[in-house]
Every structure is written in structure tokens, then in C-alpha cells.
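Heads up, the thing below is written out as C-alpha cells.
Numbering (the working numbering), first residue to last: -9 to 127.
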């Protein structure tokens, strides 16, 4: 019977919200806020997908996720490692800083070097633990 099977922790995706559409960015930017609702997600990770940069030599890009309860006062809730745009193409993940508590609104905020020209997108992904039986071998 399943009652005797050991339990393992797993994660399930509880929601996905787009914080930045996949598009070119040519200056430091505070993105538009996204309302995830009063409950927000139980757990959260943020994913960024960086594709191209027109002027990569010596250019960098800093990306943080900010959260707010009132869509006015913002604080950093996740920080991506700085991207060296000459080598940084790829998929990046960063965890939500749970010491900040859940927020209702989220946005990305970027700072890039003077001549950077970068294309990327950002998602908030809700996650929650689930307990699944582990099959006996």
C-alpha cells in the first residue's frame, strides 16, 4: 500500500508571471509593476533569459527584482549576479529573499554600462513544496 512508501519533497510550479517581455533594452530601466495579488506566491524564484548584446566588450548589466506592497515604495527582493555581456548569454535563476516577506507587486530594475544594448526577458515563477511517494525498488 502507498501508506508504507517513503515521502520525498518535490517542488511544483504554482504560477508564472512575465516581468519583462523579451526585448532590447538600451538604458538602465525600472520595469512596470506586475500585481501578483494579495496572496502572492508561497515561494518564488526569478528567471532571466539573456540572448544578445550589440556592444559586448567591457559592458556589464546589473539586474535586481524589486517588491512592493503599495506599488509605490520598492525594495530589492532578489539580485542576479552581474552579467559580463561579452560572455553572459544564457538562462539565469535567483531565489526570492524570504526575509523580505511576501509582496503584492514586483518589477525588474536594471543598471547597465554606458553603451550596453542588451536583449533579455524576466519571469517570476511561483513554487510550492509537494510531498510525493517515492517508489520502492
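By construction, the Cβ of each residue, glycine as well, lies at the ideal position given by its N, Cα and C atoms.
For residue 24, same chain residues with a beta-carbon under 6 Å away, outside a window of 5 residues either side, are 7, 9 and 96 in chain order. With a cutoff of 8 Å on beta-carbon distance, residue 55 and residue 68 are scored as near each other. Cα atoms of residue 2 and residue 36: separation of roughly 15 Å, rounded to the nearest angstrom. Just so you know, the alpha carbons of residue 57 and residue 22 end up roughly 12 Å apart. At a Cβ-Cβ threshold of 8 Å, residue 51 and residue 100 count as neighbours.
Annotation: residue 110 to residue 92 spans about 25 Å, alpha carbon to alpha carbon. Taking all protein chains shown into account, residue 81 has fewer than 16 neighbouring C-beta atoms within 10 Å of its C-beta and is therefore exposed. Residue 97: member of the beta strand (DSSP E) spanning 95 to 102, first to last residue.
Residue 89 is not bridged by DSSP to any residue. In this structure, the alpha-carbon of residue 76 lies about 26 Å from that of residue 66. In the displayed model, residue 55 falls within a strand according to three-state DSSP.
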